[in-house]
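Scroll down for the structure; my scribbles are underneath it.
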Amino acid sequence: MGMDRRTFVRRTCIGSAGLLVGGLPALGGDEVVLPVAPPIDVHEAPLGKKSPLGMPGLFPGRVVEIADQRSIVGNRVSQPVVHDMLQRGLKELTGETSPQAAMAKFIEPKDVVGIKINPSGAPACCSSPELIREIISTVRSVGVPARNIVVYDRFGDEMDLGSYHALLPPGIRVVNIQDGLLDTSGYDASVYCQVSFFGEWETRSYMASVVANGLDKIINVPTLKDHSASGVTGCLKNVAYGSFNNVARSHVAPYTFTNPLIGVMCTVEPLRSKVVLNIMDGMRMVWHGGPLTQNQEFIYPSGLLLVSTDPVAMDTIELAAIDKKRLEQGAPSVWEHKASSITANGREFYEDASKNLFYRQPGHIAAAGKLGLGVSDLEQIDHRRLQIG
Amino acid sequence: MEMANKSSVPDVPAVSENDWVTLLKDNSRSGGQSAVALPSPSRALWQMRVGSSIRTAPVLREGTLYVTSTGGHLHAIQTDSGRLKWKFKAGGAIYSTPSLNGGTVLFGCDDGKVYAVNGDSGAKAWETATQGSVWTSPVVRQGVAFFGSADGHVYAVEAQTGKQRWKQEMGGRVYSTAYAAEKKIYVGCGDGHVHCLDSATGKILWSTLTGNGIDSSPALVGDTLLIGSLDFYVYALDASTGAVRWKYETGLGVSSSPAVSGEVAVIGSKDGNLYALEIASGKLRWKTRTSQVITAPAVFGDSTIYLQSGGLQALEATTGNLLWRAGLASGVQNVPVIVGRTMYLTSNEGEVYALE
Numbered sequence: 001m002g003m004d005r006r007t008f009v010r011r012t013c014i015g016s017a018g019l020l021v022g023g024l025p026a027l028g029g030d031e032v033v034l035p036v037a038p039p040i041d042v043h044e045a046p047l048g049k050k051s052p053l054g055m056p057g058l059f060p061g062r063v064v065e066i067a068d069q070r071s072i073v074g075n076r077v078s079q080p081v082v083h084d085m086l087q088r089g090l091k092e093l094t095g096e097t098s099p100q101a102a103m104a105k106f107i108e109p110k111d112v113v114g115i116k117i118n119p120s121g122a123p124a125c126c127s128s129p130e131l132i133r134e135i136i137s138t139v140r141s142v143g144v145p146a147r148n149i150v151v152y153d154r155f156g157d158e159m160d161l162g163s164y165h166a167l168l169p170p171g172i173r174v175v176n177i178q179d180g181l182l183d184t185s186g187y188d189a190s191v192y193c194q195v196s197f198f199g200e201w202e203t204r205s206y207m208a209s210v211v212a213n214g215l216d217k218i219i220n221v222p223t224l225k226d227h228s229a230s231g232v233t234g235c236l237k238n239v240a241y242g243s244f245n246n247v248a249r250s251h252v253a254p255y256t257f258t259n260p261l262i263g264v265m266c267t268v269e270p271l272r273s274k275v276v277l278n279i280m281d282g283m284r285m286v287w288h289g290g291p292l293t294q295n296q297e298f299i300y301p302s303g304l305l306l307v308s309t310d311p312v313a314m315d316t317i318e319l320a321a322i323d324k325k326r327l328e329q330g331a332p333s334v335w336e337h338k339a340s341s342i343t344a345n346g347r348e349f350y351e352d353a354s355k356n357l358f359y360r361q362p363g364h365i366a367a368a369g370k371l372g373l374g375v376s377d378l379e380q381i382d383h384r385r386l387q388i389g
Numbered sequence: 001m002e003m004a005n006k007s008s009v010p011d012v013p014a015v016s017e018n019d020w021v022t023l024l025k026d027n028s029r030s031g032g033q034s035a036v037a038l039p040s041p042s043r044a045l046w047q048m049r050v051g052s053s054i055r056t057a058p059v060l061r062e063g064t065l066y067v068t069s070t071g072g073h074l075h076a077i078q079t080d081s082g083r084l085k086w087k088f089k090a091g092g093a094i095y096s097t098p099s100l101n102g103g104t105v106l107f108g109c110d111d112g113k114v115y116a117v118n119g120d121s122g123a124k125a126w127e128t129a130t131q132g133s134v135w136t137s138p139v140v141r142q143g144v145a146f147f148g149s150a151d152g153h154v155y156a157v158e159a160q161t162g163k164q165r166w167k168q169e170m171g172g173r174v175y176s177t178a179y180a181a182e183k184k185i186y187v188g189c190g191d192g193h194v195h196c197l198d199s200a201t202g203k204i205l206w207s208t209l210t211g212n213g214i215d216s217s218p219a220l221v222g223d224t225l226l227i228g229s230l231d232f233y234v235y236a237l238d239a240s241t242g243a244v245r246w247k248y249e250t251g252l253g254v255s256s257s258p259a260v261s262g263e264v265a266v267i268g269s270k271d272g273n274l275y276a277l278e279i280a281s282g283k284l285r286w287k288t289r290t291s292q293v294i295t296a297p298a299v300f301g302d303s304t305i306y307l308q309s310g311g312l313q314a315l316e317a318t319t320g321n322l323l324w325r326a327g328l329a330s331g332v333q334n335v336p337v338i339v340g341r342t343m344y345l346t347s348n349e350g351e352v353y354a355l356e
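In the order they appear, the protein sequences are chains V and X.
Going by the working numbering, the first sequence opens with residue 1, and the numbers climb by one from there.
Going by the working numbering, the second sequence opens with residue 1, and the numbers climb by one from there.
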């Protein structure tokens with residue numbers, strides 16, 4: 001992958017501001033009008049041609065959802081059940097007859113494969129080590145040696161809380177990109193997004209070196225979780241805010257520019273071409289308090305696994321599922337933008353599902369669709385449901 | 001509160017009462033029996049920053065505090081002034097709590113090596129390599145250092161030279177710091193097994209399977225081995241056979257390690273509770289919710305328990321009632337060191353404090 005020359009692109013975030021308003025219900029008396037995001041400059045690695053495996057990948061618009069309530073019992077994830085769910089999901093997604101053949105559509109034996117976990121929220125809700133072990137096993141079945149598998153995230157302390165280091169098999173690498181908020185040593189200074197949202201002193205967010213230079217393919221393993229700023233945190237946010245640094249600057253309560261920053265980051269090469277598969281851990285659904293809540297009142301044992309190459313389609317389904325659950329529980333929609341719902345009190349937010357810290361921006365998913373990352377229209381998504389167990 | 005069963009306490013090089021030479025003070029994992037009940041800290045004697053995150057417990061010997069950091073340094077800090085005496089640069093990030101063998105500091109490193117550094121000068125004495133990260137703390141017993149590696153092995157090396165005595169393959173990564181008894185080594189493994197090894201040969205004497213991986217470090221009390229598992233249980237095993245005597249269920253995985261005093265062990269869970277369990281029966285004496293998550297071990301003083309979990313906290317040992325809380329020094333595997341009326345703390349943010 002050529003990295004000797006850089007391109008400088010201004011992503012105009014096609015229609016993001018319009019989507020923001022267009023996706024919302026009509027403004028009520030308490031609804032607010034949100035600020036419009038400035039354009040984002042992108043400094044990326046040029047590619048000879050984009051990989052056909054990159055987002056939205058080989059199967060745009062197709063999402064396989066596997067449900068098995070036995071996958072999580074008493075907060076414990078069942079390794080054998082997850083094994084079956086993953087095998088069924090990979091075969092259904094690809095049409096192949098074995099999980100090995102399915103994985104071989106995305107991964108070659110020579111690849112250095114990154115598995116991007118989401119430990120944020122550990123231990124109550126994070127990418128389950130049981131699922132990561134099954135993904136590693138399937139990648140290895142293709143012929144990838146253990147040393148060429150890298151399980152990674154940005155923050156080491158969150159990975160520690162998930163005990164990933166101890167729980168994953170010997171030989172694979174478990175890597176955190178930075179220690180502490182100000183550590184920039186793990187980032188590539190020549191690949192970045194630049195924008196000033198709130199007059200912050202550092203206006204660049206750099207891509208992790210391991211993503212830019214160390215990996216050939218990435219398997220993205222987000223969780224099924226609401227997010228106080230972006231509405232939900234799924235495939236797009238996990239791989240965007242988990243690959244670039246200095247992203248918290250996109251929120252200053254109660255406002256956030258996760259829309260459009262999440263989608264724009266996902267378009268930046270080589271990230272876009274390297275993410276070949278998304279496997280969402282939906283064993284638990286956090287319907288309020290994400291991404292960090294440990295409050296079990298808001299964590300539902302949904303027993304789901306979702307598999308797709310299309311991050312937009314998968315996040316669209318995630319968003320619908322979380323909003324449905326919130327409405328069932330009497331909580332306001334993640335689309336609601338009422339001033340009366342906003343609190344500056346973190347404790348209140350973590351205990352009261354009617355409160356939020358930000359005006360959420362679930363429109364980041366549709367904005368990413370407009371940027372060509374996938375299908376955001378529920379009617380156009382090939383949503384295949386498999387009920388087992 | 002009684003002292004831990006003396007018959008279970010391994011011999012260690014003679015150290016001053018004020019020294020903390022390894023995780024939880026000494027090889028008995030008592031957590032510092034002589035630690036007195038301290039009031040809430042009223043002032044900082046000194047404070048320094050090491051420039052990167054600290055995810056380990058400090059150790060102390062003869063007025064020098066040894067601290068490892070993810071920036072890859074071992075820092076030697078004068079306890080009277082907080083001044084840096086020297087720092088030693090290793091080949092990678094350090095997540096291993098250091099351990100003292102006389103005047104030599106031993107620690108593992110992300111580069112797969114275990115280093116031995118002269119505690120006075122900061123000069124490297126020796127290094128030995130494994131094929132994976134070493135996050136465990138080397139434990140020294142009778143001139144031999146025992147440690148586990150992410151390469152799936154437990155190693156025994158001569159503490160003076162680093163020369164390998166043996167290595168034994170486990171079934172998974174080893175992030176559990178071994179407990180060294182007179183003739184046996186006890187250690188947990190990422191594949192869920194608790195192993196007992198012959199300390200002379202490394203031969204596995206028994207193995208007991210729990211329901212998930214283990215990154216908790218065991219403690220031995222008499223003939224009972226205590227350890228937590230990520231299957232949510234605290235286990236008490238027969239140290240001779242590995243048979244399960246009892247197990248106690250918590251709300252989430254148990255990465256914390258037991259600290260023992262008399263007939264009680266205290267151990268934290270990722271469910272945020274600290275549990276006090278009777279060692280003989282597993283009966284719950286009390287449990288106290290201290291924070292959202294506990295992964296570090298507690299220090300078990302005469303009448304007080306100290307814990308770095310969501311900041312520094314002190315609990316009454318007999319009831320678990322909160323005595324005081326200080327909103328500083330957040331940590332994942334950080335453990336306070338208490339000497340007289342002074343408390344030394346490290347933090348995830350890379351701070352080192354001496355508090356009075």
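No residue lacks a Cβ here, since even glycine has one placed at the ideal position from N, Cα and C.
Predicted model, so just to flag it, every value in this text is computed and none were measured.
Listed from N- to C-terminal order along the chain, which residues in the region 199-231 of chain X have their beta-carbon within a distance smaller than 9 Å of any beta-carbon of chain V? GLY211, ASN212, GLY213, ILE214, ASP215, LEU230 and ASP231
Evaluate the contact criterion for the region 230-249 of chain X versus the region 202-218 of chain X: three or more CB pairs, one atom per stretch, below 8 Å. yes
By DSSP's criteria, THR258 (chain V) is part of a beta bridge. Which residues make up the other side? Paired residue(s): none; THR258 (chain V) is not in a bridge.
Note down, in chain order, every chain X residue with its Cβ under 9 Å from the Cβ of HIS165 (chain V). TYR95, SER133, TRP135, ALA150, ARG173, TYR175, GLY190 and ASP215
Could you give the uninterrupted runs of the beta strand (DSSP E) lying entirely in the region 223-277 of chain V, keeping only those of 3 residues or more? 223-227 and 231-233
Do the CB positions of GLN313 (chain X) and ARG325 (chain X) come within less than 7 Å of each other? yes
Selection of the region 96-126 of chain V by Cβ proximity to chain X, strictly under 7 Å: PRO123
Of all the options V:HIS251, V:SER190, V:THR309 and V:PRO38, which has the alpha carbon lying nearest to the alpha carbon of GLU44 (chain V)? V:SER190
Using a C-beta cutoff of 7 Å, does ASP157 (chain V) count as contacting chain X? Closer than 7 Å to some Cβ of chain X, the Cβ of ASP157 (chain V) qualifies, so yes.
Can you give the Cα-Cα distance for TYR235 (chain X) and LYS324 (chain V), rounded to whole angstroms? It is roughly 41 Å from the alpha-carbon of TYR235 (chain X) to the alpha-carbon of LYS324 (chain V).
Since ARG76 (chain V) meets chain X, which of its residues come closer than 9 Å, beta carbon to beta carbon? GLY211, ASN212, ASP231 and PHE232
Can you find a CB in chain V that lies within less than 7 Å of the CB of GLN168 (chain X)? no
7 Å CB neighbourhood of ALA298 (chain X) in its chain, flanking five on each side removed: GLY31, ALA259, VAL266, GLY268, LEU274, ILE305, TYR306 and LEU307
Could you please tell me which residues of the region 284-312 of chain X, in chain order, have their CB closer than 9 Å to any CB of chain V? GLN292, VAL293 and THR295
With a cut-off of 7 Å, does the C-beta of VAL332 (chain X) fall near any C-beta of chain V? yes
Nearest candidate by alpha-carbon position, reference ALA331 (chain V), set V:ASP226, V:GLY374, V:GLY363 and V:ARG249: It is V:ASP226.
Should SER256 (chain X) be flagged as near chain V, meaning a C-beta pair shorter than 7 Å? no
On the three-state DSSP scale, how would you describe LYS370 (chain V)? helix
Take the Cβ of ALA159 (chain X) as the centre, count every other Cβ of all protein chains shown within 10 Å, and call the residue buried at 16 or more, exposed below. buried
Go through its chain and collect everything with a Cβ distance to SER51 (chain V)'s Cβ below 7 Å, but skip five positions before and after it. SER273
Which of the three DSSP states is assigned to LYS25 (chain X) in this structure? Taken through DSSP and simplified to helix, strand or coil, LYS25 (chain X) comes out as strand.
Alpha carbon of ARG62 (chain V) to alpha carbon of GLY156 (chain V), nearest angstrom: C-alpha of ARG62 (chain V) to C-alpha of GLY156 (chain V): approximately 33 Å in a straight line.
Close-in-space but distant-in-sequence residues of the same chain around SER205 (chain V) (CB under 7 Å, 5 per side omitted): TYR192, CYS193, PHE244, ASN245, ASN246 and VAL247
Span of the alpha helix (DSSP H) holding HIS83 (chain V)? 79-94
Compare the C-beta of THR70 (chain X) against all C-beta atoms of chain V and say whether one is closer than 7 Å. yes
Thinking just about the alpha-carbon of each residue, which of V:SER333, V:LEU236 and V:MET283 is nearest to the one in SER354 (chain V)? V:SER333
With distance defined between alpha-carbon atoms, name the residue in X:VAL293, X:LEU277, X:GLY152 and X:TYR175 nearest to LYS167 (chain X). X:GLY152
Nearest-angstrom Cα separation, counted from LYS116 (chain V) out to LEU168 (chain V): 14 Å
Work out the CA separation of HIS75 (chain X) and VAL117 (chain X) for me, nearest whole Å. About 11 Å.
When you compare the CB of LEU161 (chain V) with every CB in chain X, is at least one pair closer than 7 Å? For LEU161 (chain V), at least one C-beta of chain X is nearer than 7 Å to its own C-beta.
Sorted by chain position, which residues of the same chain lie with C-beta nearer than 8 Å to SER81 (chain X)'s C-beta, five sequence neighbours on each side aside? TRP46
I'd like to confirm the pairing. Which residues does DSSP put opposite ALA116 (chain X) in its beta bridges? The secondary-structure analysis by DSSP pairs ALA116 (chain X) across a beta bridge with X:LEU106 and X:TRP126.
Does the region 95-103 of chain X touch the region 67-74 of chain X, meaning 3 or more C-beta pairs lie closer than 8 Å? yes
Inter-residue spacing [alpha-carbon to alpha-carbon] between ASN238 (chain V) and VAL375 (chain V): 18 Å
Chain-ordered chain A contacts of LEU131 (chain V) [CB-CB under 8 Å]: The structure shown has no chain A; the protein chains it does contain are V and X.
Can you check whether the C-beta of ASN348 (chain X) is within less than 7 Å of a C-beta belonging to chain V? Yes - at least one Cβ of chain V is within 7 Å of the one on ASN348 (chain X).
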